[in-house]
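Comments concern the structure below.
Number of protein chains: 4
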Amino acid sequence: MKKQSVKERIVETASDLFYNNGYNQTGINQIIAEASVAKASMYQHFRSKEDIAVAYLKQRHINWMGSLTEFVSNEKNNNEKLIKSFDFLQTWLSGVNYRGCGFQNIICDLPKEQQKIKDQVVLHKNDVKKLIHSLLEDKNNQEELGNELLVLIEGAIILSQIQKSDWPIIAAKNAAIKLLS
Amino acid sequence: MKKQSVKERIVETASDLFYNNGYNQTGINQIIAEASVAKASMYQHFRSKEDIAVAYLKQRHINWMGSLTEFVSNEKNNNEKLIKSFDFLQTWLSGVNYRGCGFQNIICDLPKEQQKIKDQVVLHKNDVKKLIHSLLEDKNNQEELGNELLVLIEGAIILSQIQKSDWPIIAAKNAAIKLLS
Amino acid sequence: MKKQSVKERIVETASDLFYNNGYNQTGINQIIAEASVAKASMYQHFRSKEDIAVAYLKQRHINWMGSLTEFVSNEKNNNEKLIKSFDFLQTWLSGVNYRGCGFQNIICDLPKEQQKIKDQVVLHKNDVKKLIHSLLEDKNNQEELGNELLVLIEGAIILSQIQKSDWPIIAAKNAAIKLLS
Amino acid sequence: MKKQSVKERIVETASDLFYNNGYNQTGINQIIAEASVAKASMYQHFRSKEDIAVAYLKQRHINWMGSLTEFVSNEKNNNEKLIKSFDFLQTWLSGVNYRGCGFQNIICDLPKEQQKIKDQVVLHKNDVKKLIHSLLEDKNNQEELGNELLVLIEGAIILSQIQKSDWPIIAAKNAAIKLLS
DNA sequence: AATGAATGAGCGTTCATTCAT
DNA sequence: GATGAATGAACGCTCATTCAT
Numbered sequence: 005m006k007k008q009s010v011k012e013r014i015v016e017t018a019s020d021l022f023y024n025n026g027y028n029q030t031g032i033n034q035i036i037a038e039a040s041v042a043k044a045s046m047y048q049h050f051r052s053k054e055d056i057a058v059a060y061l062k063q064r065h066i067n068w069m070g071s072l073t074e075f076v077s078n079e080k081n082n083n084e085k086l087i088k089s090f091d092f093l094q095t096w097l098s099g100v101n102y103r104g105c106g107f108q109n110i111i112c113d114l115p116k117e118q119q120k121i122k123d124q125v126v127l128h129k130n131d132v133k134k135l136i137h138s139l140l141e142d143k144n145n146q147e148e149l150g151n152e153l154l155v156l157i158e159g160a161i162i163l164s165q166i167q168k169s170d171w172p173i174i175a176a177k178n179a180a181i182k183l184l185s
Numbered sequence: 005m006k007k008q009s010v011k012e013r014i015v016e017t018a019s020d021l022f023y024n025n026g027y028n029q030t031g032i033n034q035i036i037a038e039a040s041v042a043k044a045s046m047y048q049h050f051r052s053k054e055d056i057a058v059a060y061l062k063q064r065h066i067n068w069m070g071s072l073t074e075f076v077s078n079e080k081n082n083n084e085k086l087i088k089s090f091d092f093l094q095t096w097l098s099g100v101n102y103r104g105c106g107f108q109n110i111i112c113d114l115p116k117e118q119q120k121i122k123d124q125v126v127l128h129k130n131d132v133k134k135l136i137h138s139l140l141e142d143k144n145n146q147e148e149l150g151n152e153l154l155v156l157i158e159g160a161i162i163l164s165q166i167q168k169s170d171w172p173i174i175a176a177k178n179a180a181i182k183l184l185s
Numbered sequence: 005m006k007k008q009s010v011k012e013r014i015v016e017t018a019s020d021l022f023y024n025n026g027y028n029q030t031g032i033n034q035i036i037a038e039a040s041v042a043k044a045s046m047y048q049h050f051r052s053k054e055d056i057a058v059a060y061l062k063q064r065h066i067n068w069m070g071s072l073t074e075f076v077s078n079e080k081n082n083n084e085k086l087i088k089s090f091d092f093l094q095t096w097l098s099g100v101n102y103r104g105c106g107f108q109n110i111i112c113d114l115p116k117e118q119q120k121i122k123d124q125v126v127l128h129k130n131d132v133k134k135l136i137h138s139l140l141e142d143k144n145n146q147e148e149l150g151n152e153l154l155v156l157i158e159g160a161i162i163l164s165q166i167q168k169s170d171w172p173i174i175a176a177k178n179a180a181i182k183l184l185s
Numbered sequence: 005m006k007k008q009s010v011k012e013r014i015v016e017t018a019s020d021l022f023y024n025n026g027y028n029q030t031g032i033n034q035i036i037a038e039a040s041v042a043k044a045s046m047y048q049h050f051r052s053k054e055d056i057a058v059a060y061l062k063q064r065h066i067n068w069m070g071s072l073t074e075f076v077s078n079e080k081n082n083n084e085k086l087i088k089s090f091d092f093l094q095t096w097l098s099g100v101n102y103r104g105c106g107f108q109n110i111i112c113d114l115p116k117e118q119q120k121i122k123d124q125v126v127l128h129k130n131d132v133k134k135l136i137h138s139l140l141e142d143k144n145n146q147e148e149l150g151n152e153l154l155v156l157i158e159g160a161i162i163l164s165q166i167q168k169s170d171w172p173i174i175a176a177k178n179a180a181i182k183l184l185s
């Protein structure tokens, strides 16, 4: 049980709240209370709430990419890794009560100025794009097919969030299988 | 140019703000200022901000379904109507600077209580589902195929919003064509 | 079942709310809603909320004096009527969960201007004073003794309200018996 | 003249307003304006208006009990202390234009929820009860007599408030003398 | 490095009353 | 005689941020 730094405690607490309750629904006071950190201490580590969100998204990006990569790592070839990716979505999202994607969720209702957050979201989605495309490197319609799979992934996430069900993820997987064959 | 009622002015103003700036970013004060309505007058017509959002979503549902239906009405058969639907997305979303779906956006960061809003979102998406499925009535894999198209639609909307580009819509259309053939 | 006039409905509804929930806790909107009366109709019958309170207090005065008089009417002599008055307090207050005196309650937290309400309260208490004093007409220390009984009555009411118990009423009765003998 | 803390300024200002103008008549805005404190500063020290009232009542309890105790401290025996207590009421209440008891006044018209305030009122009255009963410790009818005196005290306070006169206090004193002899 | 106190601006909501028909 | 619509003012409270120590 390693002792966490103040900064780590803030990011961890904020991450939990931002993801599960929403960025706008989470106040600075709630974060510092749950993290047991003084307000001014928090502002010593982060210039603004937006900066905490950036740290949250950066960490989330690393974790999420790692989880996905690990989840599909046992598959023999790229095709199966791609299909297994939809199983990852199902396992992940059903485990968080279909709370959806932290990156999608945060840009849907954001103060006009906070560009740094938007940048993190695009960075994340671009890395997902790179990953999917890399798994299609031997196809001749790599670009087109990759984009289609990306749309399926994002659609599965948001629609399962709305419907609180995994049928959109199953549908996405089915479509992916057809498109990949 | 017919004179609008106060209620209409409120809904119209709020709709514009909720959609373009976000539900949490839009305050009651801004709505009444832009609609030129006294605060208490507003609360004569709506019991809460949430209720305004419900009115906004109900109107948006009608408008959106109508626009889509009209957009594809000239197509000869259902298959072409379905494919044309993705052109609708492209026309619509490029015209609003890829602001995405008002229904998706509002549930991503919502106060925990406001269930009435969530209900409207689900109602909307269920009607979209019915519409898409009805255009597949003669297929033997209607259910499965319909769900796949719905995922593509939602994915195209949210990903074009993140990327501020229409490539996800084009990809979704391509995928739809393949799945429908 | 006689049909009530609008005015009667308003006073009856307001009386219930003013007494049980408090004057400040009762809004105009609640009154008209529960009385099923339009707001402007209400203001046709009463110029202000204060005027409704005045009507409430006038009616309450009549009812309360009547109830007390009737309650003690079977007693043979004035002394016993006076002592029976404390039984009246006990029956009345235990039946309203020790909500206290509507006249006491309304002056404790009143907007500075509303003098008409204060006047009604004083009128009521003066009539109670007259009644008690009249029951002591044959005593030579009528004035002094009457005032003492009045203090006991008011104290029994307010203290039973605070303590939510009838021990103050019993104590007042005991004291009254001693003073009267 | 020691410089007061913000918290002290708030309680002092609120106490003055709550007592003299009434709890419902006193708004948060008035308190912070007269105390020259920012609204958010106030909410740093108190979670709600109710909590300010609790602080007000706690302080008032201490002050009032102290004043009474001191006022009667020169009397030789308990009997005289008890009788002198009614002189205290007269001195006190005539000095505040018969504004009555802050504890009585605040429960007469209180929002349904605010139980913490009611608790303070009962605490206060229970301590008064203990004090009066303690001054009767050598009587064999201590309990009964004490309760009677308490009713006289409360009645004197509320009736002098309604009548804006000290005759109820004098009457209460007379009755007390009789009962004690 | 760490902190509790303080802040201006804004939140969503309700008040008693008046107006136009 | 009756009404729904409209209103300015105030309500209690929370926001993200900064200051003084």
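Protein chains in written order, with our numbering: chain A, 5 to 185; chain B, 5 to 185; chain C, 5 to 185; chain D, 5 to 185. Beta carbons: idealized from backbone N, C-alpha and C, even for Gly.
Same chain, Cβ closer than 8 Å to residue i, five either side skipped, listed in chain order
| i | result |
| --- | --- |
| M5 of chain D | With a pLDDT of only 45 at M5 of chain D, under 50, the local geometry of the prediction cannot be trusted, and no value is derived from it. |
| S40 of chain C | R13 |
| A176 of chain D | F90, L93, L156, I157, G159 and A160 |
| N82 of chain C | L139, L140, E141 and D142 |
| A179 of chain D | L156 |
Contact with chain C by residue i, beta-carbon distance below 8 Å
| i | result |
| --- | --- |
| W171 of chain D | yes |
| Q108 of chain D | yes |
| V100 of chain D | no |
| M5 of chain D | Low confidence applies to M5 of chain D: its pLDDT is 45, below 50, so where it sits in the model is not reliable, and the reading given next is rough at best. So, not an interface residue. |
| L114 of chain D | yes |
| Q124 of chain D | no |
| I136 of chain D | no |
| V166 of chain D | Before going on, a small fix: residue 166 of chain D reads as Ile here, not Val. Yes, contact with chain C. |
Any C-beta of chain B under 8 Å from that of residue i
| i | result |
| --- | --- |
| V58 of chain A | no |
| I32 of chain A | no |
| I181 of chain A | no |
| N144 of chain A | no |
| K43 of chain A | no |
| E152 of chain A | yes |
Coil, strand or helix - residue i by DSSP
| i | result |
| --- | --- |
| R51 of chain C | coil |
| M5 of chain A | With a pLDDT of 49 at M5 of chain A, under the threshold of 50, the predicted position of this residue should be treated as unreliable, and no value is reported. |
| G70 of chain A | helix |
| V15 of chain D | helix |
| G150 of chain C | helix |
| E141 of chain B | coil |
| E117 of chain A | coil |
| S164 of chain A | helix |
| N24 of chain D | helix |
| S45 of chain C | helix |
| Q29 of chain B | coil |
Contacting residues, own chain, Cβ-Cβ under 7 Å from residue i (five flanking each side not counted)
| i | result |
| --- | --- |
| I181 of chain C | I87 |
| V10 of chain B | V41, S45 and H49 |
| K168 of chain B | Y102 |
| Y60 of chain A | V15, A18, S19 and F22 |
| K129 of chain A | F107 |
Any chain A beta carbon closer than 8 Å to residue i
| i | result |
| --- | --- |
| E54 of chain B | no |
| Q29 of chain B | yes |
| N83 of chain B | no |
| L163 of chain B | yes |
Closer than 8 Å to chain D by CB, residue i
| i | result |
| --- | --- |
| I35 of chain C | no |
| I14 of chain C | no |
| K242 of chain C | Given a span of 5 to 185 for chain C in the structure shown, any question on residue 242 of chain C remains unanswerable. |
| L156 of chain C | yes |
Own chain residues within Cβ distance below 6 Å of residue i, not counting five before or after
| i | result |
| --- | --- |
| K43 of chain A | I36 |
| R97 of chain D | It should be noted that the sequence gives Leu, not Arg, for residue 97 of chain D. Here the set comprises S164. |
(message) If we require 4 or more residues per run, which alpha helix (DSSP H) segments fall completely within the stretch 58-108 of chain B?
(response) You should have 82-99.
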